[in-house]
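Working notes, structure below.
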Amino acid sequence: GTNLKEVFREKIEPMHKQVVELREKYGEEVLGTCTVSQAYGGMRSVKCMTYETSLLDPEEGIRFRGYSIPECQKLLPKAKPDGAEPLPESLFWLLLTGDVPTDAQVAQLQEDMRERARVPADVLKILDSMPHEQLHPMSQFAAAINLLQRESAMAAAYANGANKSSYWEHCLEDALTLIARLPEVAARIYRNTFHGGKHVPPGQLGDAHDMGKRLARLLGFESPEFDELMRLYLVIHADHEGGNVSAHAVRLVGSALSDPYMAFAAGMNGLAGPLHGLANQEVLRWLVQLRQRLGDRPMTTENLTELCWQTLNEGHVIPGFGHAVLRKTDPRYTAQRQFALKHLPHDDMFQLVSKLYEVVPQVLEAQGKVKNPWPNVDQHSGVLLQYYGLRESQYYTVLFGVSRSLGTLASLVWDRALGLPLERPKSVTTEWIREHFHKQ
Ligand code: NMX
Ligand code: MLT
């Protein structure tokens, strides 16, 4: 069939059966352990949760339902007639169902999303009246998601005594509506904050049928190349397994049966941290600062090395490098580099980013602290955006957030379909650790 809900419904029973069988068979096996150092150290590498939509390999990077980014670029449906990047809706279908969708399935999902896409007028009015200059775009974004929450099907169903077995249906309903509305919400924030509140009326979007092009047009960009960038961007930022701050926050808050709007808003507050999604903003700020500090001097390895050390010696991280799990160059960085090599090979800022790819890992290796000196997704995204004229770096994390809805909400629907319980790990005090191990 071409109806996402019906296709998904068919997946639940076999998956549920599989989980029950695996738990019967391996329920008492040890998946991971947690040392005292790991408990103090951000639980790095502790295997303690399941997450179905994607899996991160430290060497190879992310796979969405088993497919690498180049495989997704090859296999997922693209915009007609000549799009080269996957359609974001096709990735959502893949993440939710595990299947590569057909063109007809994607077309029906797009149609469904279009019907849901309009943001209620009074929500737009509140967004328009926010103090745009004082309120970071991510604060506006999280607030907007909470404003949309009043229409939550999950919250209404729970209040009306819905049966637990139906939660996933309400959760899917909310996920689709929220995802469909995020482009208009995100664009509203952009145009309010940086373009004097001059908006592109959604009624004038013409043939902007997919999420990428719709977002591009609402932001105020007209070039087909930027449409393609938005498609790529929305696909590669969508999901990064379950332990990253935003995905984990969505899962955690959702496990209290807070509805998908509440849960996703929590994830966005986490994404707004500079060690997580806000790093894309920080990268552009850092690149601009680097150019200023470089002045008239040439962009040599020696000069850039000196400036990287200056950043480190000032007590700052080099944004866009390092990762809690990855130990090689992020394939999301590579996908963006390939886009740049195809569309903007001569751009000055791209030249700088390319040069830093040679310089920074050496500096970080020499410093000897980082476990991974290689660039991550955020090192590259701002350079592509600024090339097409989206220069307001404080806005960049909102785009990351729009994309992250695709993965975290698909995963949240599965959480409810599998009836996962409240998340509530046990904590101990330092005093407890001292006493406990002292006695042994
Ligand atoms: N520049 C300078 N120092 C770094 C960097 C970096 N890019 N990355 C890690 N370190 C330091 C880190 O602060 C720590 O120092 P200390 O012992 O003094 O606390 C030490 O190296 C060991 O850290 P790791 O174990 O390598 O990294 P961890 O898993 O703790 O953190 C990040 C991962 C991503 C938070 C870290 O690499 C970082 O801060 N990177 C820069 C910010 C960034 O690009 N974040 C975006 C990540 C991707 N995303 O979108 O979320
Ligand atoms: C992400 O995309 O969530 C980041 O790379 C951070 C992570 O995986 O921890």
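So for the sequence shown, UniProt numbering puts the first residue at 45; every next one is plus one.
From the three backbone atoms N, C-alpha and C, an ideal C-beta is built for every residue, glycine too.
Note that the structure is predicted; figures quoted are calculated from it, not measured.
Check whether Leu456 and Gly298 have beta carbons under 7 Å apart: Position 412 of the sequence shown holds residue 456. Position 254 of the sequence shown holds residue 298. Contact flag set, yes.
Residue of Leu278, Leu276, Glu228, Ala252 minimising C-alpha distance to residue 25: Here the chain has residues from 45 to 484 only, and residue 25 is not among them.
Backbone secondary structure at Arg107 - three-state DSSP: Here the question's residue 107 lines up with position 63 in the sequence shown. Strand, per DSSP.
Inter-residue spacing [alpha-carbon to alpha-carbon] between Ala300 and Leu466: One-based indexing of the sequence shown puts residue 300 at position 256. One-based indexing of the sequence shown puts residue 466 at position 422. Rounded to whole angstroms, Ala300 to Leu466 spans 6 Å at the Cα level.
Closer than 6 Å: His253 CB and nearest ligand 2 heavy atom: Against the sequence shown, residue 253 aligns to sequence position 209. Result no, Cβ not under 6 Å from ligand 2.
Any non-hydrogen atom of ligand 1 closer than 6 Å to Pro363 Cβ: Working through the sequence shown from its first residue, we reach residue 363 at position 319. Yes, the beta carbon of Pro363 sits closer than 6 Å to at least one heavy atom of ligand 1.
Endpoints, the beta strand (DSSP E) within which Leu100 is located: For this step, residue 100 is matched to residue 56 along the sequence shown. From DSSP, the beta strand (DSSP E) with Leu100 extends over 98-101.
Contacting residues, own chain, Cβ-Cβ under 6 Å from Trp458 (five flanking each side not counted): The sequence position of residue 458 within the sequence shown is 414, counting from 1. Cβ within range, chain order: Glu96.
Exercise answer, beta-carbon shell around ligand 2 heavy atoms below 5 Å: His284, Asn288, Ala368
Secondary structure of Lys483, DSSP reduced to three states: Working through the sequence shown from its first residue, we reach residue 483 at position 439. Three-state DSSP puts Lys483 in a helix.
Nearest neighbour of residue 43, chosen from Arg225, Gln382, Ala83 [CA to CA]: The shown model of the chain, from 45 to 484, leaves out residue 43, and the question about it has no answer.
As assigned by DSSP and simplified to three states, the class of Lys49: Within the sequence shown, the letter at position 5 stands for residue 49. Lys49: helix per DSSP, three-state reduction.
Gly247: CB within 6 Å of a non-hydrogen atom of ligand 1: Here residue 247 refers to the residue found at position 203 when the sequence shown is read from its first residue. For ligand 1, not one heavy atom lies less than 6 Å from the Cβ of Gly247.
Bridge-paired residues (DSSP) for Lys122: The residue given as residue 122 occupies position 78 in the sequence shown. According to DSSP, which records beta bridges pairwise, Lys122 is partnered with Pro130.
Thr77 classed as buried or exposed, judged by whether at least 16 other C-beta atoms fall within 10 angstroms: By one-based count along the sequence shown, residue 77 stands at place 33. By the 10 Å Cβ count, Thr77 comes out exposed.
Nearest to Arg448 (by Cα), restricted to the options Asp340, Gly463, His284: What you label residue 448 is simply residue 404 of the sequence shown in a count that begins at 1. Of the candidates Asp340, Gly463, His284, the one whose C-alpha sits nearest the C-alpha of Arg448 is His284.
Pro245 (DSSP reduced to helix, strand or coil): Taking the first residue of the sequence shown as 1, we reach residue 245 at position 201. Coil, per DSSP.
Short Cβ contact (7 Å threshold) for Val442 with Val397: The count along the sequence shown starts at 1 and reaches residue 442 at position 398. The count along the sequence shown starts at 1 and reaches residue 397 at position 353. Against a cut-off of 7 Å, the Cβ pair of Val397 and Val442 comes out as no contact.
Inter-residue Cα distance where the pair is Asp271 and Thr474: The count along the sequence shown starts at 1 and reaches residue 271 at position 227. The count along the sequence shown starts at 1 and reaches residue 474 at position 430. CA-CA distance, Asp271 to Thr474, rounds to 52 Å.
Whole alpha helix (DSSP H) elements within the segment 265-343, 4-residue minimum: 268-280, 289-299, 304-315, 323-338
Neighbour-count burial assignment, Ser210, 16 or more Cβ in a 10 Å radius: Position 166 of the sequence shown, counting from 1, holds the residue named residue 210. Exposure of Ser210 is indicated by the presence of fewer than 16 other C-beta atoms within 10 angstroms of its C-beta.
Backbone CA spacing between Ser89 and Val369 [nearest angstrom]: Along the sequence shown, read from residue 1 onward, the residue named residue 89 stands at position 45. Along the sequence shown, read from residue 1 onward, the residue named residue 369 stands at position 325. Computed Cα separation, rounded: 7 Å.
In DSSP terms, what Phe365 is bridged to: Residue 365 sits at position 321 when you count from the first residue of the sequence shown. Beta-bridge pairing links Phe365 to Pro419.
Local conformation of His176 per DSSP, three classes: By 1-based counting over the sequence shown, the position of residue 176 is 132. Looking at His176 - three-state DSSP - the assignment turns out to be coil, as it is neither helix nor strand.
Cβ pair count under 8 Å reaching 3, the segment 151-159 against the segment 180-200: Flag = no, the segment 151-159 and the segment 180-200 do not touch.
Ala323 Cβ short of 6 Å to ligand 1 heavy atom set: Within the sequence shown, the letter at position 279 stands for residue 323. Ala323 Cβ: within cutoff of ligand 1.
Inter-residue spacing [alpha-carbon to alpha-carbon] between Pro102 and Val144: Start at 1 with the first residue of the sequence shown, and residue 102 comes out as number 58. Start at 1 with the first residue of the sequence shown, and residue 144 comes out as number 100. Going by the C-alpha atoms only, they are around 24 Å apart.
Any non-hydrogen atom of ligand 1 closer than 6 Å to His292 Cβ: On the sequence shown, residue 292 is found 248 positions in, with the first residue counted as 1. The answer is no for His292.
Val90 - containing alpha helix (DSSP H), residue span: Counting from 1 along the sequence shown, the entry for residue 90 is found at position 46. Looking at the DSSP string, Val90 is not in any alpha helix (DSSP H), and its letter there is neither H nor E.
Those runs of the alpha helix (DSSP H) which lie wholly inside the segment 399-484 and span at least 4 residues: 422-431, 440-461, 474-483
Spatial neighbours of Ala201 in its chain, beta-carbon cut-off 6 Å, leaving aside the 5 residues before and after: By one-based count along the sequence shown, residue 201 stands at place 157. The residues are His214.
Val150 CB to nearest heavy atom of ligand 1 below 6 Å: Residue numbering aside, residue 150 sits at position 106 when the sequence shown is read from its first letter. Outside the cutoff, so no.
CA-to-CA distance, Gln336 to Leu216, given in whole angstroms: Counted from its first residue, the sequence shown places residue 216 at position 172. Counted from its first residue, the sequence shown places residue 336 at position 292. Roughly 48 Å separates the two Cα atoms.
DSSP three-state assignment for Thr373, whether helix, strand or coil: For the purposes of this step, residue 373 is taken as residue 329 along the sequence shown, with counting starting at 1. Correct three-state label for Thr373: coil.
C-beta atoms of Gly321 and Phe136 nearer than 7 Å: For the purposes of this step, residue 321 is taken as residue 277 along the sequence shown, with counting starting at 1. For the purposes of this step, residue 136 is taken as residue 92 along the sequence shown, with counting starting at 1. Not closer than 7 Å, so no.
Same chain, Cβ closer than 6 Å to Gly366, neighbours up to 5 away in sequence not counted: Counting from one through the sequence shown, the residue named residue 366 turns up at place 322. Val414, Asn416, listed in sequence order.
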